[in-house]
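Data first, discussion second: the structure below is written as structure tokens.
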Amino acid sequence: MLDRLARAVSILGHPLLVLPAALALPAAMRDADHATLRSMLIGFALFAALLLGWSWWQVRRSRWAHVDASQPSERKSLNRTLLVGITIGALVAWLRSPTPDLALTLALSAGIVAIAISVVRWCKLSLHASFAVYSAGLLWPLGAAAVGAGCAFAGIVAWSRLRLSRHRPRDIVAGAATGGLAASGYWLSLHALQASP
4 MLDRLARAVS ILGHPLLVLP AALALPAAMR DADHATLRSM LIGFALFAAL LLGWSWWQVR
64 RSRWAHVDAS QPSERKSLNR TLLVGITIGA LVAWLRSPTP DLALTLALSA GIVAIAISVV
124 RWCKLSLHAS FAVYSAGLLW PLGAAAVGAG CAFAGIVAWS RLRLSRHRPR DIVAGAATGG
184 LAASGYWLSL HALQASP
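And the structure:
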């Protein structure tokens, strides 16, 4: 029963689900341009579909045991693919978006993945925990209650990853700390970008 719940929470807490939701919710609440919001969500959905298709292809070719990329070699290729894809997305957003929010969000997301790649010798940084905390921080425009709810959800996601034996506690802490730094970096950078002429 608890394992089934943990699997469901882990799926709901997947970075490709929590990040677009955390971006779309504040944008929708502040009456953002609906065409831009729709384009952003379509872009995330296409990226998620491509990544999932690529992961299934890896399993079909017997390079991976499962689409969740649990083995170190699987995670290595997944993280590199994520880094390239998210970086390209950040560059496209920087060139095409009228505001810096999306490009900055994606650039910091690429930073999270780059950190996960760089610390792999010491820990298997939890991208689930990292993006859940990062996404909670992005909810700041909706108020402290929204951030608190996001952090509570991040805690449940962290529990699910431990329950499923996907991570050790230090992996969760490293991921959460990285997500918190990314969220802080987002708000500080956005403020600086908006203040510059």
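Going by the working numbering, the sequence shown opens with residue 4, and the numbers climb by one from there. Every residue, glycine too, gets a C-beta built ideally from N, C-alpha and C. None of these values were measured; they are calculated from a predicted model.
Would you mind sorting D36 into buried or exposed? The rule is 16 or more other CB atoms within 10 Å of its CB.
Exposure of D36 is indicated by the presence of fewer than 16 other C-beta atoms within 10 angstroms of its C-beta.
Using only alpha-carbon positions, find the residue among R169, L141, A119 that is nearest to W190.
Checking every option, the nearest Cα to that of W190 belongs to L141.
I'd like the ranges of any alpha helix (DSSP H) spanning at least 4 consecutive residues and lying wholly in the region 133-168.
Secondary structure within the region 133-168: the alpha helix (DSSP H) runs of 4 or more consecutive residues, fully enclosed, are 147-166 (chain order).
Touching by the beta-carbon criterion (3+ pairs, under 8 Å), the region 119-138 and the region 173-184
Taking 8 Å as the limit for Cβ pairs, the verdict is that the region 173-184 does touch the region 119-138.
Rounded to a whole number of angstroms, what is the C-alpha to C-alpha distance between R66 and F50?
Their backbone Cα atoms lie some 21 Å apart in a straight line.
Label A106 either buried or exposed according to how many other C-beta atoms from any shown protein chain fall within 10 Å of its C-beta, with 16 as the threshold for buried.
Taking every protein chain shown into account, the CB of A106 has 16 or more other CB atoms within 10 angstroms, so this residue is buried.
Please classify V23: is it buried, with 16 or more other beta-carbons within 10 angstroms of its beta-carbon, or exposed?
Correcting the residue type first, residue 23 is Pro in the shown sequence and not Val. That one is buried.
Say whether chain C places a C-beta atom closer than 8 Å to the C-beta of L28.
The structure shown contains no chain C, having only a single protein chain.
Candidates L5, L167, G153, I91: which alpha carbon is nearest G46's?
Looking at the Cα atoms, I91 is the closest of the given residues.
Residue from R169, A157, R41, G153 with nearest C-alpha to M100:
Here the sequence assigns Ser to residue 100, which means Met is not the residue at that position. The option with the nearest alpha carbon to S100 is R41.
Exposed or buried, what is D104 when buried is set at 16 or more other beta-carbons lying within 10 Å of its beta-carbon?
The C-beta of D104 has 16 or more other C-beta atoms within 10 Å across all chains shown, which makes the residue buried.
Classify W125 as helix, strand or coil using the three-state DSSP reduction.
Under the three-state reduction of DSSP, W125 is assigned to coil, being neither helix nor strand.
What does the alpha-carbon distance come out to for the pair L54 and G151?
Between L54 and G151, the alpha-carbon positions lie close to 30 Å from each other.
Compute the beta-carbon to beta-carbon distance between L109 and A93, rounded to the nearest angstrom, for a pair I have assumed lies under 8 Å.
4 Å between Cβ atoms; contact.
So L130 and P18 are supposed to be a Cβ contact under 8 Å. How far apart are they, rounded?
Sure, about 5 Å apart at Cβ, within 8 Å.
Under a three-way DSSP split, which group does S73 fall into?
DSSP places S73 outside both helix and strand once states are collapsed to three, so it counts as coil.
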